[in-house]
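Enquirer:
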Amino acid sequence: MAFVTANWNPLGEAFYRCHRKIELYVMGWNLKEGLKDCLIAAAPYGGPIALLKGHQKRSPTARPQLEIYSASGSLLASFLWKSGTVVALGWTVSDDLLCVQEDGSVLLYDLFGDFKRHFSMGNEVLQNHVIEAKVFHSPYGTGVAILTGAFRFTLATNIDDLKLRRLPEVPGLQGAPSCWAVLTQDRQTKVLLASGSDLYILDNTSCTAVTPPGIDPQVSSYIQMAISFSYKYLALFTDAGHVWMGTSNLKEKLSKVDTKVRTPPKQMVWCRRPKSQQPSVVVMWDRLLLVAGECNETIQYHLDDDSILIPELDGVRIINSTHHEMLQEVPGPCEEIFKIASMAPGALLLEAHKEYEKESQKADEYLREIKEQSLLGEAVRQCVEAAGFEHEPETQKTLLRAASFGKCFLSNFPPDLFVSMCRELRVLNAVRDYTVGIPLTHPQYKQMTVQVLIDRLVYRRLYPLAIEVCRYLKIPEYQGVSRVLKHWACNKVQQKEEPDDVIARAVNQKLGDAVGISYSEIAARAYECGRTELAIKLLEFEPRSGEQVPLLLKMKRSQLALSKAIESGDTDLVYTVVTYLKNEMNRGDFFMTLRNQPVALSLYRQFCKHQEQDTLKDLFNQDDDHQELGNFYVRASYREGKLEARLAALQSAVDEYNKAKNEFAAKATEEQMRLLRFQRRMQEEFDRPFMDYSLQETLHSLLMEGRIRPAEQLYKDFRIPDKRYWWLKISALAEKEDWEELEKFSRSKKSPIGYLPFVEICVKHHNKYEAKKYVSKVTPEQKVKAHLAVGDLEGAAEAAIERRSEGEISLVLSHCPPSADRSLVDRLTRARTTASKK
860 MAFVTANWNP LGEAFYRCHR KIELYVMGWN LKEGLKDCLI AAAPYGGPIA LLKGHQKRSP
920 TARPQLEIYS ASGSLLASFL WKSGTVVALG WTVSDDLLCV QEDGSVLLYD LFGDFKRHFS
980 MGNEVLQNHV IEAKVFHSPY GTGVAILTGA FRFTLATNID DLKLRRLPEV PGLQGAPSCW
1040 AVLTQDRQTK VLLASGSDLY ILDNTSCTAV TPPGIDPQVS SYIQMAISFS YKYLALFTDA
1100 GHVWMGTSNL KEKLSKVDTK VRTPPKQMVW CRRPKSQQPS VVVMWDRLLL VAGECNETIQ
1160 YHLDDDSILI PELDGVRIIN STHHEMLQEV PGPCEEIFKI ASMAPGALLL EAHKEYEKES
1220 QKADEYLREI KEQSLLGEAV RQCVEAAGFE HEPETQKTLL RAASFGKCFL SNFPPDLFVS
1280 MCRELRVLNA VRDYTVGIPL THPQYKQMTV QVLIDRLVYR RLYPLAIEVC RYLKIPEYQG
1340 VSRVLKHWAC NKVQQKEEPD DVIARAVNQK LGDAVGISYS EIAARAYECG RTELAIKLLE
1400 FEPRSGEQVP LLLKMKRSQL ALSKAIESGD TDLVYTVVTY LKNEMNRGDF FMTLRNQPVA
1460 LSLYRQFCKH QEQDTLKDLF NQDDDHQELG NFYVRASYRE GKLEARLAAL QSAVDEYNKA
1520 KNEFAAKATE EQMRLLRFQR RMQEEFDRPF MDYSLQETLH SLLMEGRIRP AEQLYKDFRI
1580 PDKRYWWLKI SALAEKEDWE ELEKFSRSKK SPIGYLPFVE ICVKHHNKYE AKKYVSKVTP
1640 EQKVKAHLAV GDLEGAAEAA IERRSEGEIS LVLSHCPPSA DRSLVDRLTR ARTTASKK
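Everything in the sequence shown is counted per my numbering, starting at 860 for the first residue and increasing by one.
1. Is the segment 1559-1578 touching the segment 1602-1620 in the sense that three or more CB pairs, one from each, lie closer than 8 Å?
2. Rounded to whole angstroms, what is the Cα-Cα separation between Leu-985 and Leu-1149?
3. So Lys-1644 is in the alpha helix (DSSP H); what residue range does that whole segment cover?
4. Below 8 Å on the Cβ atoms is my contact criterion, and I expect Val-1239 with Leu-1259 to pass it. Report the Cβ-Cβ distance as a whole number of Å.
5. Hey, Tyr-1492 and Ala-1504: beta-carbon distance below 8 Å or not?
6. In this structure, what does DSSP give as the bridge partners for His-1250?
7. Using a 10 Å radius around the Cβ and a threshold of 16 neighbouring Cβ atoms, would you call Met-1550 buried or exposed?
8. For Leu-1042, which residues of its own chain have a beta-carbon under 7 Å away from its beta-carbon, when the five flanking residues on both sides are left out?
9. Within its chain, find whatever has a CB closer than 6 Å to the CB of Arg-879; leave out the 5 residues flanking it on each side and keep chain order.
10. So if DSSP puts Ala-936 in a beta bridge, which residue, or which two residues, is it bridged to?
11. Among Cys-1038, Lys-1266, Lys-993, whose alpha-carbon lies nearest the alpha-carbon of Val-959?
12. Assuming Ala-1245 contacts Cys-1329 under a Cβ cut-off of 8 Å, what Cβ separation, rounded to an integer in Å, is found between them?
13. Using a Cβ-Cβ cutoff of less than 8 Å, which residues in the same chain neighbour Leu-948 once the five nearest sequence positions on both sides are dropped?
14. How close, in whole Å, do the beta carbons of Leu-1411 and Leu-1398 come, if the pair is a contact with beta carbons under 8 Å?
15. Below 8 Å between beta carbons: does that hold for Leu-1109 and Pro-1072?
16. Quick one: is Tyr-1516 buried, meaning 16 or more other Cβ sit within 10 Å of its Cβ, or exposed?
17. Please classify Phe-1248 as buried or exposed, where buried requires at least 16 neighbouring CB atoms within 10 angstroms.
18. For the beta strand (DSSP E) containing Glu-882, name the first residue and the last one.
19. Closer than 6 Å by C-beta to Ala-861: which residues in its own chain qualify, once you throw out the five before and the five after it? Chain order, please.
20. Where do the ends of the beta strand (DSSP E) carrying Gln-1083 lie?
21. Where does Val-885 land, buried or exposed, given buried means 16+ other C-beta within 10 angstroms?
22. Going by DSSP, what residue range makes up the beta strand (DSSP E) through Lys-1518?
23. What are the start and end residues of the beta strand (DSSP E) that includes Arg-976?
24. With a threshold of 16 other CB atoms inside 10 Å of the CB of Lys-895, please say whether the residue is buried or exposed.
25. Going by the CB atoms, is the gap between Phe-1096 and Val-1142 shorter than 8 Å?
26. Buried or exposed: Lys-1696, going by 16 or more other Cβ atoms within 10 Å of its Cβ?
27. Please return the same chain residues whose Cβ sits closer than 8 Å to the Cβ of Leu-1558, not counting the five positions on each side in sequence.
28. Return the CA-CA distance between Glu-882 and Gly-1296, expressed in angstroms with no decimal places.
29. Ala-1203: which of Glu-1665, Ile-1178, Lys-1230 sits nearest, CA to CA?
30. Go through its chain and collect everything with a Cβ distance to Arg-1716's Cβ below 7 Å, but skip five positions before and after it.
31. Considering only C-alpha positions, which residue in the set Ser-1065, Asp-1145, Cys-1154 is nearest to Met-1104?
32. Do Ser-1054 and Ser-1079 come within 8 Å of each other at the CB atom, strictly closer than that value?
33. Would you say the segment 1195-1214 touches the segment 1260-1267, given that touching needs at least three Cβ pairs under 8 Å?
34. Have a look at Ala-1009, Thr-1016, Leu-1058 and flag the residue whose alpha-carbon is nearest the alpha-carbon of Gly-1034.
35. Does Ile-1381 pass the burial test, meaning 16 or more other C-beta atoms within 10 Å, or should it be called exposed?
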């Protein structure tokens, strides 16, 4: 395929593509004056181009024009520049335009000329003005380097996390450097500058003089310098017309070439593809382009028009007023396949496929030659890789067809390489199209990653193409289509000419329930654009209340936020809204709002019970809720330390209960007050604590201490039921083992609880002797239990047989141990049989 090599020009052992032959685009712009007198910045990776026309005119009536184009020359934005004098333009890693002004302020615009934000490079820059500025990219993001009128450098390595660094002063520097560049070494951003025949490296703390190895001692000044795309290599152009190439750490020289041109060049950039062993630099003058490499030979091209060079990862883009071209070193696989008389496996496979299409038997001969060397797999790989480096679709197809042909004769060739290359080339051809204008090469695409490419398409609002790429490459929905749709929706809500209803409906129809899309984020964007009603309509589609509520609060739609929070059933979310309302509203409006939302009111009351007691009281007063006010005063009484204050709180509770017509609660509270007064009297009289005891505990304590008279008084005053009083008294007497008083008490009058409790309480305190005294007083129904309680098996048997109760007889039998009297067991058994027949 001789036509492929027609634009190759040899430079030693390497080849370069002629820029005139590899034409990316015929530019769509119409620049009447060309690129002359324009401030120009083009983004790498086939990015957009910014032109500031007439920037040198100082007339207030003739303002500069800022224009933004795609790489194919399609106009994206155009507007008059109404701010200060611009010194430099540059692009961020996310395709935002940076405009560095003379006063040190930096303005950011998006691809379509919409202003985003600005920042300042500091007071020192403001005072001394900007002489030169460079926008650079590093692992930390997009940076800006400033040279001030005081010949000092100020750096910001990441404009998204602005931290300004003023670099050290260069000793003896009386004027501006003849040239300078920014480089990244050892995780540090540094400045390399030339002043006459001296080179200096400035870092955060020091200024170091350096000398390139192998440099001509007669050099009196460095006119131009260039740092490679990867920051690994440095090129210096001297006043003698020599180009010195070496590593950027200035420890190794790679080459030195005499260009035989002493005029200072307009531009000098590196043109080195990844993994290449050939150093190469492109130097440009007004009408001359020169490529210098490792040998003394150079390639020269005549330029018909003013041009600009844009260094890329794997070559150099050349732009003028009519054309956009690419200059790069011929990639290895392409050189192997297409160079004249090549016997590389890929070249033979390509010839074999050509002969096969002609139905010639030579195809078999070529294939046999490759297979005899066991290089068919290598041939297929070469053709696939070469297709990735080619720009013309027809050449790509030819190579891929040859690879597909070769694969047919291999049983174990992995398909992934071929399939992925076909997919990637289809995507690349789509974005290279003139209407899109992103001339990415395959190495750039792999370096950039598909996610960044999708972002680039989204930034340009090429949403349909971005969605097609996502679907074609089978990117997970939340990373691909959903993300694109979200960006589309955020852009859609900014279209002020359309009504809110139309936009909301369009967004919902397009997005639906797409995975990973948050309507709240889109609503937030609408709110930022001043479209509050549209934001509210969009929030209606947000299924997660936790996402709706914060934005509604931000928009001051607190009532709606509260309703949404209550609908969600998330108490934490309701508390969040209520707390916000409390801080934002006056007290009356806040309470009125809660009255209309019972759920929120209930939750807030629960909160106040634990955190804000006084607020709870105000809530009840506001609602005239006397029942709850009474409850509040009762709870408040327990927090009082002094009895008078506690009684006062309880009296307030009684008053509120009476207003609420709750006689029971009022009566109970009054009795609590009486008990407190009685406990205080007992405490003062007997010098021991009684306060906060219950009625039962108070009575039990008095009985335990033998205070019978006050115990009797308490029993009468509080109308304690007889049964409860007898239980408490026998328990206390048994507990303190006052058996004599217990017996005396049992004879005082007829027991309302019977006498079985006397038996049981004595047994409980391990005194069966006393217990037996009361067995005879037990009623016939409880005789069996009483006898069993004191361990009298005979008495229990007699009582059970006498009552002829089958259940009681069975109970006694169950208590008979194996060693029990056999005659007694037989008697019980017969008695149970007789009782069961009745």
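Note that CB positions come from ideal geometry on N, CA and C, so glycine has one too.
Expert: To lay it out plainly:
1. no
2. Roughly 39 Å between the two C-alpha positions.
3. It spans 1639-1648 - the alpha helix (DSSP H) in which Lys-1644 sits, taken as one unbroken run.
4. Between Leu-1259 and Val-1239 the Cβ distance is about 10 Å, and since that is not below 8 Å, they are no contact.
5. Cβ atoms of Tyr-1492 and Ala-1504: not closer than 8 Å.
6. In the DSSP assignment, no residue is bridged to His-1250.
7. Exposed.
8. Lys-1049, Leu-1051, Ile-1086, Tyr-1090, Ser-1107
9. Unreliable placement is indicated for Arg-879, whose pLDDT of 45 sits below 50; the coordinate value is still reported in the next sentence. Within the same chain, no Cβ atom closer than 6 Å to the Cβ of Arg-879 is found once the five residues on either side in sequence are excluded.
10. Ile-927
11. Nearest option by C-alpha distance: Lys-993.
12. About 28 Å; that fails the 8 Å criterion.
13. Leu-898, Ile-899, Ala-900, Ala-909, Leu-911, Leu-956, Leu-957, Cys-958, Val-959, Val-994
14. 7 Å
15. yes
16. buried
17. Under this definition Phe-1248 is a buried residue.
18. 882-885
19. Bear in mind that a pLDDT of 45 at Ala-861, under 50, signals an unreliable position, so the number given afterwards is only what the model happens to contain. Excluding positions up to five away in sequence, the list is empty.
20. Boundaries of the beta strand (DSSP E) around Gln-1083: 1081-1086.
21. Result: exposed.
22. Not the beta strand (DSSP E): Lys-1518 falls in the alpha helix (DSSP H), residues 1502-1518.
23. Its beta strand (DSSP E) spans residues 974-979.
24. exposed
25. yes
26. Classification for Lys-1696: exposed.
27. Ala-1570, Leu-1573, Tyr-1574, Ile-1579, Tyr-1584, Leu-1587
28. 13 Å
29. Comparing Cα-Cα distances from Ala-1203 to each of Glu-1665, Ile-1178, Lys-1230, the minimum goes to Lys-1230.
30. In the structure as shown, the chain starts at 860 and stops at 1697, and residue 1716 therefore has no counterpart that could be examined.
31. Cys-1154
32. No, Cβ-Cβ distance for Ser-1079 and Ser-1054 is not below 8 Å.
33. yes
34. Ala-1009
35. Ile-1381 counts as buried, since at least 16 other C-beta atoms from the protein chains shown sit within 10 angstroms of its C-beta.
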